[in-house]
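> One structure coming up, written as structure tokens, with questions to follow.
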Amino acid sequence: MTDKKIERNLDEQGKRGIQLLYQAEQEASEIVEEAKQARIQLLKSAKRDAEKEATEYRAKLEKEYQAEVEKVSGTDTQYFSELDQKLDNLVKKMNTDVSQNEQQAVDILVEAALKFE
0 MTDKKIERNL DEQGKRGIQL LYQAEQEASE IVEEAKQARI QLLKSAKRDA EKEATEYRAK
60 LEKEYQAEVE KVSGTDTQYF SELDQKLDNL VKKMNTDVSQ NEQQAVDILV EAALKFE
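All letters in the sequence shown, in the order written, are residues 0 to 116 by numbering that gives the first Met the number 0.
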């Protein structure tokens, strides 16, 4: 082989080698891009699932909270009703006691006032 043939052969092999490297780079870029897209889709799916789960959990907690509020509100209403009844009974008893002992109280006060004079 002559020097020119060898040179030409090396040139062609070099061009083919560069072309193969370029193709390999393109394929690697495509693989990397596909992997990125798959990762993005996976993250989006995970985010949707997490949001759904969080929404369901919030709804469950809200339902439990409302049930407790109703339970406590009913108890408060009953408690205040009983408290009002006890207060009314106490006021009635005090009024009865005052009515029954009114004259005695006046007599004691008059007697005490006359002792100081």
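C-beta: ideal position from N, C-alpha, C; glycine also.
1. From Gln65 to Thr76, what distance separates their C-alpha atoms?
2. CA-CA distance, Ile107 and Val90?
3. Determine the DSSP secondary structure at Thr1, reduced to helix, strand or coil.
Let me spell this out:
1. In the sequence shown, counting from the first residue as 1, residue 65 sits at position 66. In the sequence shown, counting from the first residue as 1, residue 76 sits at position 77. If you take the alpha carbons of Gln65 and Thr76, they lie about 16 Å apart.
2. Here residue 107 corresponds to residue number 108 of the sequence shown, with the count starting at 1. Here residue 90 corresponds to residue number 91 of the sequence shown, with the count starting at 1. Looking at the two C-alpha atoms, the distance is approximately 23 Å.
3. Taking the first residue of the sequence shown as 1, we reach residue 1 at position 2. Coil.
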